[in-house]
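What follows is a short report on a single structure.
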Amino acid sequence: MFDPELQTKISIAEHNIGGTVQTKFETVATVFSENFKNGLESAGASFAVYQNDKLLINLFGGLRNVEKKQPWVEDTTSSISAVILAYTLDKNQKGISYETKISDIWPNFEKNRKKDITILDAALHRAGLAYTEEVLEREDITKPEKIAKFFEEATPMTNGSDVLYHALTFGLLLDQIVRRVDEKKRGIAEILDDDFIKLYGIKNLSIGLKCETHNEKVAKLTELDDLEIERQGVLNPEALEKFMAGDNIHHQKLYSIFPWITTDDVRERERILLICIIRI
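In full-length UniProt numbering, the protein residues as written are 1 to 280.
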């Protein structure tokens with residue numbers, strides 16, 4: 001299905017759209033572009049499809065910071081934690097895999113019906129640990145032992161097969177798993193720094209910002225006001241229906257344990273240093 005000779009390069013100046021697609025999927029690029037032309041993308045977006053390790057579609061466009069008109073670029077991303085987890089599992093010599101129960105490498109994790117949750121469940125947002133009854137303070141995020149206790153005492157909100165998006169706990173949970181797989185007991189940020197950034201001289205990539213000037217490199221969350229939501233809802237009623245479905249008890253509970261996080265937190269260096277850690 002993949003043919004390197006049949007790749008089409010996409011470059012559309014309007015809306016900063018770029019990328020590549022296999023020729024047979026050029027219509028996907030057209031639809032992606034039309035989303036911007038029709039006002040269905042308020043900021044930036046990206047879309048990629050792999051099959052059998054081959055990249056078939058790679059599209060990106062729009063703005064990563066609307067106020068400053070900074071363009072979305074190909075490597076604007078939020079998938080680093082999952083990549084480091086895969087890397088750590090691949091390197092381990094203890095037979096630990098995605099099918100391994102988390103409690104096998106982290107005995108205290110098994111409390112409160114969590115004994116059978118696997119690493120794969122965590123990676124696929126099936127662990128049911130998107131939130132708990134405990135509120136996390138800002139300073140807790142940088143304390144691995146505090147986060148470990150947070151998950152040990154947590155009770156899953158799902159039965160192990162249902163997906164519950166871990167918007168704010170995904171990176172924290174994967175970090176705890178990685179610390180128990182890595183032979184040096186390193187966390188995700190340390191592995192990224194040691195084994196990739198320093199080794200290969202990678203620029204502009206980190207988990208947690210190293211200094212205030214790095215704020216300029218971060219894609220800013222864009223919060224839509226009611227009028228914009230209504231406007232887009234007229235253009236795409238199905239999307240509006242899905243958006244409104246997100247205002248539920250799970251969403252409310254999720255943000256109740258992180259009351260200090262809002263979409264405006266990028267304005268505050270102290271907070272963005274932490275937010276990048278838990279969301280990546």
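Backbone N, C-alpha and C fix where the C-beta goes; we use that ideal spot for every residue, glycine too.
Legend entry - Identity of the residues DSSP links to N58 by a beta bridge: For N58, which the question treats as bridged, DSSP gives the partners T20 and A48.
Inset, instruction - Could you pull the start and end residues of the alpha helix (DSSP H) that T8 belongs to? - result: Where T8 is concerned, there is no enclosing alpha helix (DSSP H), although the beta strand (DSSP E) it sits in stretches over Q7 to I12.
Legend entry - Same chain, Cβ closer than 8 Å to E268, neighbours up to 5 away in sequence not counted: A caution first: E268 carries a pLDDT of 47, below 50, which makes its placement in the model too unreliable to give a value.
Legend entry - Residue of A86, K184, K149 and A127 minimising C-alpha distance to V163: For V163, the nearest C-alpha among the options comes from A127.
Legend entry - When S42, E133, D175 and F150 are compared against I84, the one with the closest alpha-carbon: Residue D175 is the option with its Cα nearest to I84.
Inset, instruction - Report back the beta-carbon spacing between L56 and Q93 to the nearest angstrom; my notes put them in contact at under 8 Å. - result: That pair is no contact at about 34 Å.
Inset, instruction - With DSSP as the reference, label P259 as helix, strand or coil. - result: P259 carries a coil assignment under DSSP once its states are collapsed to helix, strand and coil.
Legend entry - Cβ neighbours of I280 in the same chain (closer than 7 Å, five flanking residues each side left out): Unreliable placement is indicated for I280, whose pLDDT of 46 sits below 50; the coordinate value is still reported in the next sentence. The answer, listed in chain order, is S78, I80, S81, G171 and I207.
Inset, instruction - Could you check the C-alpha separation between L138 and T132 for me, to the nearest Å? - result: Going by the sequence as given, residue 138 is Arg instead of Leu. About 16 Å.
Legend entry - As assigned by DSSP and simplified to three states, the class of Q93: DSSP places Q93 in coil when its eight states are reduced to three.
Inset, instruction - Could you pull out every residue in the same chain whose Cβ sits closer than 7 Å to the Cβ of G62, ignoring the five residues on either side in sequence? - result: If we look at G62 and ignore the five residues flanking it on each side, its Cβ neighbours are H15, N16, F36, E41, A43, G44, A45 and W72.
Inset, instruction - Let me know if V181 comes out buried or exposed under the rule of 16 or more other beta-carbons within 10 Å of its beta-carbon. - result: Counting Cβ neighbours within 10 Å, V181 comes out buried, since at least 16 surround it.
Legend entry - Residue closest to H251, alpha-carbon to alpha-carbon, out of G233, Y165, E241 and S11: Here the closest residue by C-alpha is Y165.
Legend entry - Cross-strand partners of Q252 (DSSP beta bridge): DSSP, once it has assigned bridges, lists no residue as partnering Q252.
Inset, instruction - Jot down the residue ranges of each uninterrupted alpha helix (DSSP H) in the region 125-152, minimum 4 residues, whole runs only, in chain order. - result: The qualifying runs do not exist here; there are none.
Legend entry - Through-space distance from L168 to I229, alpha-carbon basis: Each residue's Cα considered, the two are about 23 Å apart.
Legend entry - Straight-line gap, F25 to E110 (C-alpha atoms, nearest Å): In a straight line, the C-alpha of F25 is about 45 Å away from that of E110.
Legend entry - Limits of the unbroken alpha helix (DSSP H) element including M244: Run containing M244: P237 to A245, per the alpha helix (DSSP H) assignment.
Inset, instruction - State the CB to CB distance for the pair I117 and I105, rounded to an integer number of angstroms; the pair is presumed to be in contact (CB under 8 Å). - result: Not confirmed; about 12 Å, so no contact.
Legend entry - Of the listed residues H125, T27 and T8, nearest to L173 (C-alpha basis): Nearest of H125, T27 and T8 to L173, Cα basis: H125.
Legend entry - Neighbour-count burial assignment, P237, 16 or more Cβ in a 10 Å radius: Per the 10 Å Cβ criterion, exposed.
Legend entry - Rounded straight-line distance, which links the Cα of S256 to that of D194: Going by C-alpha positions, D194 is about 34 Å away from S256.
Legend entry - Status (buried if at least 16 other CB within 10 Å, exposed otherwise) for T30: By the neighbour-count definition (other C-beta atoms within 10 Å, threshold 16), T30 is an exposed residue.
Legend entry - Buried or exposed by the 16-neighbour rule on C-beta atoms within 10 Å, applied to N248: Per the 10 Å Cβ criterion, exposed.
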